[in-house]
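Here the structure comes first, spelled out in structure tokens, and everything after it is commentary.
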Amino acid sequence: MQLGMNLNQYQSLKLTLTPELRQSINILQYSSHELIDYLKQQAVENPLLEIKENTSMEFVTRNYNNTNTSYGTFNGDNDYDPIIHYSDTVFTLERHLLEQIMTISTITKGQRCILKFLIGHLNHHGYLEIEPAIAAHILNVSMEEMDAAVSTLQSLDPVGVGARNLKECLLIQTAALLECHSLAYRIIEHHMEDLAAKRYHKMAKLFNVTVQEIQEAADFIKSLNPRPCSEYHHEMTQYIIPDVTVEKVNDEYVIIVNDSMIPQITINPLYKDMKNEEEYIKKKQHEVAILMNGISQRKYTLYKVTEAILERQSDFFKYGMNKLKPMTLKDLSEQLGFHESTISRATSNKYIQTPHGLFKVKDLFSTGLSKRNNMDSESSVVIKEQIKELIEKENKEKPISDQMIVELLMKNGIQISRRTVAKYREEMGIPGSSKRKRY
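Okay, so the sequence shown: first residue is 568 according to the numbering used here, each after it adds one.
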């Protein structure tokens, strides 16, 4: 064998992500809020980029009775500012508890200091997050003083505040009632696991009572509040702005790509008169051009994807969620000629406002199950609604099993396995028939 080195030339095709393509991909997958943050960051990095608030929302409409396309302008309401409507006088849990302490004349100054310390270690549900022994060590007080302070804290309103765990919280609430439910108290104290597993017959034998009495105690425990102080925990409302809106106007569906929040991009006038030959200026101008093109491409892609969804899900837009049809990324990819990854990015983290409410765009996609004697298929979302409806109407003393649900759905022409029914039921957070039974 002769060893040697050869120089060969060959051609190959390779896909390379250019800076323009990479940025367009990033911009497409951003929601409106994310895009605003991205533009602000770009403005910091590029002195030529100037952004200013947009005052209108352009949209494109299509008449689905013909192929004409028209353009218009939607004037957004920019007068409302949610910040100025947010109150800074929220009545906090800490304030509520401190006011109660001040009204108790028997509390000494030292006890008040301990209570203030404990109140500072409550989480937003009202649970005490510091061990009394550790608190006593930090404050250099005896355990007797600390236990007395914890007891005082747990006697305050709302009932259940100061508990160290769920069991203690429920016990405090049960004991505080004028007519203490003794059976419920004993179940909470010793049989929480049996209660969660609904082992009613086992507990009935242990307490020498009927299963119905255990059921009544369980219902009472469910009425208690595991988060007694949650009403004092306030978070500023997070407003969801739809990325695209579909409205019905004069029997036509109008697609509105919402860019009212997206700032307008311009070149900083300070740099307009500078010579374009300067390498730095040319580079930054090119970056602005790429950014503007990416935003324009995002708007076009969102419109085309929404248009395709509107065509495929026309019954959903007319009648609601129960008419949602199976639809996958591949379906739209084949229809539009876009890659599936493009469809995925265009629909990720996006919201659509429809005549039937606000939805995540991804919620309009689902797989389907075949219908008997029919080539059509039923959306998994619709099937879940039917399963939920069947369970809501069942006899709670004799709840229907997953196999019975299969048989009932088959009467409606829907072919589905028992395993799939169980999967959908669990996804909706609905327990099995044995856990739904009432006595």
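Backbone N, C-alpha and C define an ideal beta-carbon position, used for all residues, glycine too.
This structure is a prediction, so every number in the text was calculated from the model and none was measured.
| query | Which residue spans inside the stretch 790 to 868 form an unbroken beta strand (DSSP E) run of at least 3? | reply | 811 to 816, 819 to 824, 831 to 834
| said: Checking 7 Å against the spacing of the C-beta atoms, do residue 966 and residue 815 come in under that value? | reply: no
| request: Could you check how far apart the C-beta atoms of residue 706 and residue 681 are, in whole angstroms? I think they sit under 8 Å. | output: 6 Å
| query | To which residues of the same chain is residue 991 closer than 8 Å at the C-beta, ignoring the five residues directly before and after it? | reply | 947, 950, 951, 954
| task | Rank 660, 894, 870, 834 by C-alpha distance to the C-alpha of residue 821 and give the top, closest one. | result | 870
| message | Assess contact between the stretch 965 to 981 and the stretch 739 to 749, defined as three or more Cβ pairs (one per stretch) separated by less than 8 Å. Is contact present? | response | Three or more beta-carbon pairs separated by less than 8 Å are not found between the stretch 965 to 981 and the stretch 739 to 749, which leaves the two stretches without contact.
| query | Do the CB positions of residue 823 and residue 833 come within less than 7 Å of each other? | reply | no
| field | One or two residues paired with residue 920 in a DSSP bridge | value | 812, 925
| Is residue 971 helix, strand or coil by DSSP? | helix
| task | Drop a sphere of 10 angstroms on the beta-carbon of residue 564, count the other beta-carbons inside from all chains shown, and report buried for 16 or more, exposed for fewer. | result | Examination of residue 564 is not possible in this model, given that the chain is present from 568 through 1006 alone.
| Quick one: what's got a C-beta closer than 7 Å to residue 785's C-beta in the same chain, skipping five residues either side? | Only 762 meet the Cβ criterion.
| said: Give me the residue from 711, 924, 799, 792 with the minimum Cα distance to residue 886. | reply: 924
| Beta-carbon contacts of residue 750 that lie in its chain and below 6 Å, excluding the five residues immediately before and after | Closer than 6 Å at Cβ, skipping near neighbours: 784.
| query | For residue 894, which beta-bridge partners are listed by DSSP? | reply | 933
| said: According to DSSP, simplified to helix, strand and coil, what is residue 981? | reply: strand
| said: Here's the rule: buried if 16 or more other CB atoms are within 10 angstroms of the residue's CB, otherwise exposed. What is residue 770? | reply: The residue in question, residue 770, is buried, as its Cβ has 16 or more Cβ neighbours within 10 Å.
| field | Nonlocal neighbours in the same chain, by C-beta distance under 8 Å from residue 903, ignoring five residues either side | value | 871, 872, 875, 910
| message | Let me check one thing: in DSSP terms, what residues is residue 618 bridge-paired to? | response | 832
| query | residue 616 and residue 609 look like a contact to me (Cβ under 8 Å); what is the Cβ gap, rounded to whole Å? | reply | Going by Cβ atoms, the distance from residue 616 to residue 609 rounds to 6 Å, so yes, they are a contact pair.
| In whole angstroms, what is the alpha-carbon distance linking residue 727 and residue 789? | 15 Å
| From which residue to which residue does the alpha helix (DSSP H) around residue 761 run? | 759 to 763
| So the alpha helix (DSSP H) residue 667 belongs to, where does it begin and stop? | Taken as a continuous stretch (DSSP letters only), the alpha helix (DSSP H) holding residue 667 covers 660 to 669.
| request: Following the continuous alpha helix (DSSP H) through residue 963, name the residue where it begins and the one where it ends. | output: Residue 963 -> no alpha helix (DSSP H), and no H or E assigned at all.
| message | Here's the rule: buried if 16 or more other CB atoms are within 10 angstroms of the residue's CB, otherwise exposed. What is residue 651? | response | Note on residue 651: pLDDT 45, under 50, position unreliable in the model; no value is reported.
| field | Sequence-distant residues of the same chain with beta carbon closer than 8 Å to residue 898, five excluded per side | value | 879
| task | Apply the 10 Å Cβ neighbour rule to residue 692 and answer buried if 16 or more other Cβ atoms are within range, or exposed otherwise. | result | buried
| said: Once DSSP output is grouped into helix, strand and coil, what is the label at residue 773? | reply: helix
| said: Just verifying my parser: in three-state terms, what is the DSSP assignment at residue 574? | reply: coil
| Other residues of its chain near residue 684: CB distance less than 7 Å, five sequence neighbours each side excluded | 702, 706
| Should residue 827 be labelled buried (16 or more other beta-carbon atoms within 10 Å of its own) or exposed? | buried
| task | To the nearest angstrom, report how far apart residue 760 and residue 734 are at their CA atoms. | result | 11 Å
| task | Please classify residue 903: does DSSP put it in a helix, a strand, or coil? | result | helix
| Own chain, CB closer than 8 Å to residue 994, minus 5 neighbours either side, in chain order | 951
| task | Pick helix, strand or coil for residue 723, following the three-state DSSP scheme. | result | Under the three-state reduction of DSSP output, residue 723 falls in the coil class, being neither helix nor strand.
| What is the C-beta distance between residue 865 and residue 594, in whole angstroms, given that I count them as a contact (C-beta under 8 Å)? | 5 Å
| Alpha carbon to alpha carbon, how far is residue 795 from residue 660? | Approximately 11 Å, taken between the alpha carbons.
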